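By our numbering, the letter at position 65 of the sequence shown is numbered 324, and the numbering carries on one by one without gaps. To keep things clear, I will list the structure first and then write my remarks on it.
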Amino acid sequence: MNRSGDGRTPAMDTAVLEIVRRRTESTRVEIARELGVTAATVTNSVKRLLAAGLLWESGHARSTGGKRATLLRVNDAARRALGCTIDHDRLSMVAVDTTGALQSRVVLPLVDAADPGEVSDSVREGLAALIPDDELGAMTGIGFAMGAHLPDEVDQALRALTAELDVRATRGREGTCAALGSFWSGEQTGTGLSGTVHLGSTTTLALLLDGVPFRPDSGQSLDHLRVDPEGPVCACGRRGCLHLYVAPDGVDELSRTALEATQGSATAQVDVLAAALPLTRVAANLAIALGLDTMVLAGTPVQAAPAIYLEAAQEHFGDESTTRVVVSQVQPHPCAVGAAVLALQAFLDTGGR
Ligand SMILES: [Zn+2]
């Protein structure tokens, strides 16, 4: 499609599409009002999005006296974006449509997530399961949520694979992807400042303002936040770092314990609550310091034992807290959905080509 000389055009198109997606149906006037731009700017952007098949005209708004305004909707059948996240023991891949709605998913077991050959074979297998060969070209691209545990060799193997398949690849930090996956799955309200604390290969905080990452590299590690100067010595040389408390034996072990806890094991319940309390204390402090509207707790242990993490959150957020606490339940993996959203946004940012 044609692009005007204005370098900010794709960003405007993304913003317009995002508003229509959020409101389900919208008129050009409503979009202009919400974005605070002129009707002509919106009209030009809508023209491009209609031409690219990303929006369609779905009817007319009720008459308010004058000419009836045309209603716009996102064309959800237009394109698919894929998202992929690689945990220590499994690879999760999802396909979302243009609205970010989950279409299909696949989870494949991994023996060794650090083995570039095994990871790229699994990505190939996941692609084949989700997108037929002849439709690869109609795909907007694939997003990868990159955890800190993945060696460079895995990243290089993924770059080689996507180059070979001629598929556009986007990368995002694990924590940012978890936040985006939660937002696009409707777990957070549409506007305001939200924080997502994600228990993954590291514990991260990612901030979204009105659903958009606060910084491109949002998703800072909280692992070495000092919670107890008298605590055990960390590998970093200091004492009492957060990760020693929130996942003392690693996040995979904690996920297993969380599953046992929901299956009724009393000792597992005690262990998970002991890990959930320091995490939610830090989350509550961050929520106060940053004035968060929403705080999302995410990650496989949290997802496995949501009631325990909510109970721990209640302890620290208290009844007067104005922050809404959400335990993310995006299946199969918030990071995979968020990575697909990144791929979709990267496609829109280039003008939908
Ligand atoms: Zn440390």
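A virtual CB, placed ideally from N, CA and C, is assigned to each residue, including glycine. Keep in mind it's a predicted model, so treat the numbers as computed, not measured.
- For His483, the distance from the CB to the nearest heavy atom of ligand 1 is below 7 Å.
- In the DSSP annotation of this structure, the continuous segment of the alpha helix (DSSP H) that includes Phe606 starts and ends at 593-608.
- DSSP places Ser363 in the strand class (E or B) of the three-state scheme.
- Runs of alpha helix (DSSP H) with 4 or more residues, each lying fully within the stretch 402-485, are found at 411-424, 433-443, listed in chain order.
- Taking a 10 Å sphere around the C-beta of Pro472, we find 16 or more other C-beta atoms and assign the residue as buried.
- Annotated as proximal: Arg364 and Pro591, with beta-carbon spacing under 8 Å.
- Remark: the C-beta of Cys495 is in contact range of ligand 1, defined as less than 7 Å to any heavy atom.
- Taking one beta carbon from each stretch, the stretch 575-582 and the stretch 412-422 have fewer than 3 pairs nearer than 8 Å; the two do not touch.
- Relative to the Cα of Ala438, the nearest Cα in the group Gly499, Met554, Arg498, Ala354 belongs to Met554.
- According to the DSSP assignment, Ala328 belongs to no alpha helix (DSSP H), since it is labelled neither H nor E.
- Remark: C-beta atoms of Arg498 and Glu512 do not approach each other more closely than 8 Å.
- Per DSSP, the unbroken alpha helix (DSSP H) holding Leu549 starts and ends at 525-549.
- Taken atom to atom, the span from the alpha-carbon of Ala340 to that of Gly400 is near 5 Å.
- Closest option to Ala533, judged by alpha-carbon separation, among Gly470, Gly509, Tyr568: Tyr568.
- In the DSSP annotation of this structure, the continuous segment of the alpha helix (DSSP H) that includes Ser304 starts and ends at 298-310.
- Our two residues, Arg292 and Ala602, have alpha carbons roughly 28 Å apart in a direct line.
- Annotated three-state conformation of Ile390 is coil, per DSSP.
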